[in-house]
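Visitor: Residue numbers (this note's numbering): 10 to 573. The beta-carbon is built from N, C-alpha and C at its ideal position, and this holds for glycine as well.
#1: Of all the options 565, 13, 435 and 116, which has the alpha carbon lying nearest to the alpha carbon of residue 34?
#2: Answer yes or no: do residue 219 and residue 86 have a C-beta to C-beta separation smaller than 9 Å?
#3: In angstroms, rounded to a whole number, what distance separates the CA positions of residue 461 and residue 515?
#4: On the CB-based measure, 16 or more other CB atoms within 10 Å of its CB, does residue 254 come out buried or exposed?
#5: Answer with buried or exposed for residue 573, where buried requires no fewer than 16 other C-beta atoms within 10 angstroms of its C-beta.
#6: Going straight from the alpha carbon of residue 539 to that of residue 222, what length do you get?
#7: Taking only the alpha-carbon atoms, compute the straight-line gap between residue 419 and residue 522 and give it to the nearest angstrom.
#8: Distance, Cα to Cα, residue 450 vs residue 494?
#9: Helix, strand or coil: which one does DSSP assign to residue 318?
#10: So what does DSSP say about residue 587, is it helix, strand or coil?
#11: Taking residue 590 as the reference, give the member of 475, 363 and 182 with the closest Cα.
#12: Between 302, 290 and 259, which has its C-alpha nearest residue 351's C-alpha?
#13: Could you check which residue in 261, 273, 173 and 81 has the C-alpha nearest to that of residue 62?
#14: Pair every Cβ in the segment 482–491 with every Cβ in the segment 163–170, then say whether three or more of these pairs are closer than 8 Å.
#15: Three-state secondary structure (DSSP) at residue 535?
#16: By alpha-carbon positions, which one of 298, 243, 416 and 448 ends up nearest to residue 268?
#17: If you draw a straight line from the alpha carbon of residue 313 to that of residue 373, how long is it in whole angstroms?
#18: Tell me the residue span of the beta strand (DSSP E) that contains residue 67.
#19: Which of helix, strand or coil does DSSP assign to residue 571?
#20: Determine, using beta carbons only, whether residue 156 and residue 535 come nearer to each other than 9 Å.
#21: If distances are taken between C-alpha atoms only, which option among 146, 112 and 144 comes closest to residue 130?
#22: Measure the alpha-carbon distance for residue 342 versus residue 369 and round it to whole angstroms.
#23: Thinking residue 72 and residue 555 are a contact (beta carbons under 8 Å), I'd like their distance in whole angstroms, please.
#24: What does a CB cutoff of less than 6 Å around residue 564 pick up in its chain, not counting 5 residues either side in sequence?
#25: Between the segment 519–533 and the segment 199–207, do three or more beta carbon pairs fall short of 8 Å?
#26: Going by Cα to Cα distance, which pick from 387, 212, 437 and 405 is closest to residue 315?
#27: Measure the alpha-carbon distance for residue 188 versus residue 567 and round it to whole angstroms.
#28: Straight-line CA distance for residue 207 to residue 283?
#29: Taking residue 473 and residue 553 to be in contact with their CB atoms under 8 Å, please state how far apart those CB atoms are, rounded to whole angstroms.
#30: Beta-carbon within less than 8 Å of residue 231's beta-carbon, same chain only, minus the 5 sequence neighbours each way: which residues are those?
#31: Expressed to the nearest angstrom, what Euclidean distance is found between the alpha-carbon atoms of residue 319 and residue 444?
#32: Between which two residues does the alpha helix (DSSP H) holding residue 46 run?
#33: DSSP on residue 342, reduced to helix/strand/coil?
#34: Can you tell me whether DSSP reads residue 521 as helix, strand or coil?
#35: Answer yes if the segment 237–251 comes into contact with the segment 319–331, meaning at least three C-beta pairs across the two stretches below 8 Å, and no otherwise.
#36: Beta-carbon separation of residue 531 and residue 558 under 9 Å?
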């Protein structure tokens, strides 16, 4: 029945209307503009008779401590039994700066495409051909990912009719998530509302279905079927040197020199390259590097800080930090030895006898530094830290401070409360953190999800000539918070070394474990993601992706095979 509905012209028009209305709301990530969607979802809930007549079947979950008061719009269709499929999408988008003079048209697909046809912005050959071909819809968020959201919402409307008639096997939950492009506050909040719904209604979560745009980098007829999502961690490396006037250079130790050697050793280091099931992550790289000076003077800077981005698959966070700690120690050794050689040459040039400089290699994790500050300063340290974080929370809300600046301030406050003032490298973690997740982690309990994948792959090949391949989402996704690795050993490590943990940033690991489920992404083909040429393939949007998504829902809810 659902397949028949999808083939109707009114289904296509419904997806198109939902998409254009949704794209028309500029929900810039990490801003108060994301709150604008509340009215959109409320109007949609009210337009669906199933939700209008059942007040407890939809609502808005307030994300605890969210600086902008963002919510997770949620709804569910209750059928027979406990088995439940979760549909998820994110409603935030990246900014529209890339559109230049066409920025005001970025959220109006028809007007934008008219302007592009008139040559008001220069498209590359592929994008121009797609525009002229008439099979692609352009606009900010059209592909990433309000197109997928519109498909899910239109399907919910179709399944709502089945639920009202008592013909829905199982249950379907839908979640709209904010902040995916930034810190994933929605993804991290999702386990909380899913746990609540599970406790209230006895839901047994069988599968999480996302509808992020499909990547066809393997070929135009070879879409990727995401069954895993790469992990990401952001190590902060903070180097404190020894202050000195440049006229007495060897009385100090430059943190710039320390950090330069650290960056040389760590950036794109092949030790970070990770592989799982044919998917390979890149070597880590630095995204931020800055000394501690606000104005020019003739002294060495007292500190520098660098932020790394490291993607991972099989590696644990502990593995990654071990690499960083070892390389930092070797970098520290090399800098000390190099300065000693320079000092020896300097003394020799004066005809004087040289001596050993006082520096020693000193590398520690933030958890170790925190323990020293607690030992040396006690309540003065902890109360001051609490006040600092409270003030920074307000600045983050006002957009005056980001996570990097706040994290650096925490390290500096902690160092001030440690008696040892010698040069040191401190290694910490900065939000956000994305665990690597894969259906393979669930073993036999993911059997049903594997059968769903098999069905989708077979149907796509038979109907459309598309050869879907199982793959990994290598750009990070909210999936990281829907599946919990049962043997994950990183939880305590993260909590102990993640700056701002529990005050400004947290991950509900316990709830993740309780709602953990297999994952699968089925979405429309998208191109030009995050650029002014962002676009979605309309045949996927109106027909192919809805059919495959409905098939996945039906298989997950109706499959009577062994799940474990």
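Guide: Considering the structure as presented:
#1: 116
#2: no
#3: Their backbone Cα atoms lie some 33 Å apart in a straight line.
#4: exposed
#5: With a pLDDT of only 46 at residue 573, under the threshold of 50, the placement of this residue in the model should not be trusted; the figure read from the coordinates follows. Label assigned to residue 573: exposed.
#6: Going by the C-alpha atoms only, they are around 12 Å apart.
#7: 30 Å
#8: It is roughly 6 Å from the alpha-carbon of residue 450 to the alpha-carbon of residue 494.
#9: strand
#10: No statement about residue 587 is possible, as the shown extent of the chain runs from 10 to 573 and does not include it.
#11: Here the chain covers residues 10 to 573 and nothing more, so residue 590 does not appear.
#12: 259
#13: 173
#14: The segment 482–491 vs the segment 163–170: no contact.
#15: strand
#16: With distances taken between Cα atoms, residue 268 lies closest to 298.
#17: Near 16 Å, if we compare the C-alpha coordinates of residue 373 and residue 313.
#18: 67–71
#19: With a pLDDT of only 47 at residue 571, under 50, the local geometry of the prediction cannot be trusted, and no value is derived from it.
#20: Yes; because the gap between Cβ atoms is below 9 Å, this pair is in contact.
#21: When C-alpha distances from residue 130 are compared across 146, 112 and 144, the shortest belongs to 112.
#22: 8 Å
#23: Actually they do not touch by this definition, with Cβ atoms about 29 Å apart.
#24: 461 and 464
#25: yes
#26: 437
#27: 33 Å
#28: 36 Å
#29: 6 Å
#30: 225, 475, 476, 477 and 478
#31: 12 Å
#32: 46–56
#33: helix
#34: Helix.
#35: yes
#36: yes
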